[in-house]
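Colleague:
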Amino acid sequence: MVICKAKDYKELSRKAANIISAQVILKPDCVLGLATGSSPIGTYEELIQWNKRGDLDFSAVTTVNLDEYKGLSPENDQSYRYFMNTNLFNHVNIDKSRTFVPDGLEPDAEKACKDYDAIVEKVGGIDLQLLGLGHNGHIGFNEPADAFTPCTNCVDLTASTIEANKRFFESEADVPRQAYTMGIGTIMRAKKIVVVVSGQDKAEILKKVVDGPITPQVPASVLQLHPDVTIVADEAAAALL
Ligand code: GLP
């Protein structure tokens, strides 16, 4: 694991965007695995600026997102498809037909997960996967569990994740209780992984992820086994490393 420390969120975002940008420059038709949550927003803002300046071309890029709430439509402003459109896709020259997010409106969980795995396989796997980190160590929506999930699965969100994500909804009752998420296996098959971690409230979990035992109870700890992981953390998040 490479730990790349940044002084603050702005610098963290620039560093992460630089790594993604290098990937797109080296392989213009690459497949980017993308994440939602507040952590990558600054990274997307940088990428948008560089694209507008003409320094970064998304025209041949394909993207696959990590996860989506079950039951939310793409038009719902809390859906992750909506998040990606408003925080990145609407502002860069990407072909939206090559941007993929699990289908939150598919009620048949088995079908939704199988279909999404087929998409990831069809696009040829992920060149670079961007990740945020949940307070309980989740990546995507892979919550602490007894085993690592091999492929896309439907998860029951934990109370702590519902609590953490309620800030985006009108009330806690509005937070969906389930989500479709790429599995840990899918994430681990990405050639390169970049994790963005910001803030003091992530310091303890980041320490466990980097230095603790590898266990599905801390899903991101599995990243210790990946050959090419870069953690970009600001000083507050990296305080215990
Ligand atoms: C959500 C997302 C994750 C994200 C996590 C952390 O649960 N499914 O992909 O990494 O939240 O979010 P934040 O970056 O806002 O702390």
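Just so you know, we're using our numbering here: the sequence shown kicks off at 958 and counts up by one. Ideal Cβ placement from N, Cα and C applies to all residues, glycine included. Computed from a predicted structure; not experimentally measured.
1. Is C1111 helix, strand or coil when you go by DSSP?
2. How is G990 classed by DSSP in three states: helix, strand or coil?
3. Suppose you measure from the CA of F1098 to the CA of D1072; what does that come to, to the nearest Å?
4. Counting only the same chain and skipping the five closest in sequence on each side, list residues whose C-beta sits under 8 Å from that of V981.
5. Taking the alpha carbon of K1079 as the reference point, which residue from V1154, Q1174, A1121, R1055 has its own alpha carbon closest?
6. Listed in chain order, which residues are found with a beta carbon closer than 6 Å to a heavy atom of ligand 1?
7. From D1065, P1133, Q1174, A1194, pick the residue whose C-alpha is nearest to that of Y1037; which is it?
8. Would you mind reading off the limits of the beta strand (DSSP E) that contains D1191?
9. Report all residues from its chain with a CB closer than 6 Å to the CB of R971; omit the five preceding and five following residues, and keep chain order.
10. With distance defined between alpha-carbon atoms, name the residue in D1052, C961, I1083 nearest to K1148.
11. On a Cα-Cα basis, can you pick out the residue from K984, L991, D1024, F1040 that is closest to F1125?
12. For D1191 and C961, what's the separation of their Cα atoms in angstroms?
13. Please list, in chain order, all residues of the same chain as K1164 whose beta carbon is under 8 Å from its beta carbon, the five residues on each side excluded.
14. Measure the CB-CB distance between G1081 and P1107 and report whether it falls below 8 Å.
15. With distance defined between alpha-carbon atoms, name the residue in V1167, E1161, A1130, D1185 nearest to R1146.
Modeller: Straight from the coordinates:
1. In the three-state reduction of the DSSP assignment, C1111 falls in the strand class, which pools E and B.
2. Strand at G990.
3. If you draw a straight line from the Cα of F1098 to the Cα of D1072, it comes to about 18 Å.
4. Taken in chain order, the residues that qualify are C987, L989, L1013, D1014, F1015, V1018.
5. Among V1154, Q1174, A1121, R1055, the Cα nearest to that of K1079 is on R1055.
6. Having a Cβ closer than 6 Å to some heavy atom of ligand 1 are A992, T993, G994, S995, S996, L1023, D1024, G1089, L1090, G1091, G1097, F1098, T1118, N1122.
7. Shortest Cα-Cα distance from Y1037 to any of D1065, P1133, Q1174, A1194 involves P1133.
8. From DSSP, the beta strand (DSSP E) with D1191 extends over 1186–1191.
9. So the qualifying residues of the chain are E1003.
10. Nearest of D1052, C961, I1083 to K1148, Cα basis: I1083.
11. Considering only alpha carbons, the answer is F1040.
12. Looking at the backbone, the Cα of D1191 and that of C961 are separated by about 9 Å.
13. If we look at K1164 and ignore the five residues flanking it on each side, its Cβ neighbours are L1197, L1198.
14. Contact: no.
15. Taking R1146 as reference, the option from V1167, E1161, A1130, D1185 with the minimal CA-CA separation is D1185.
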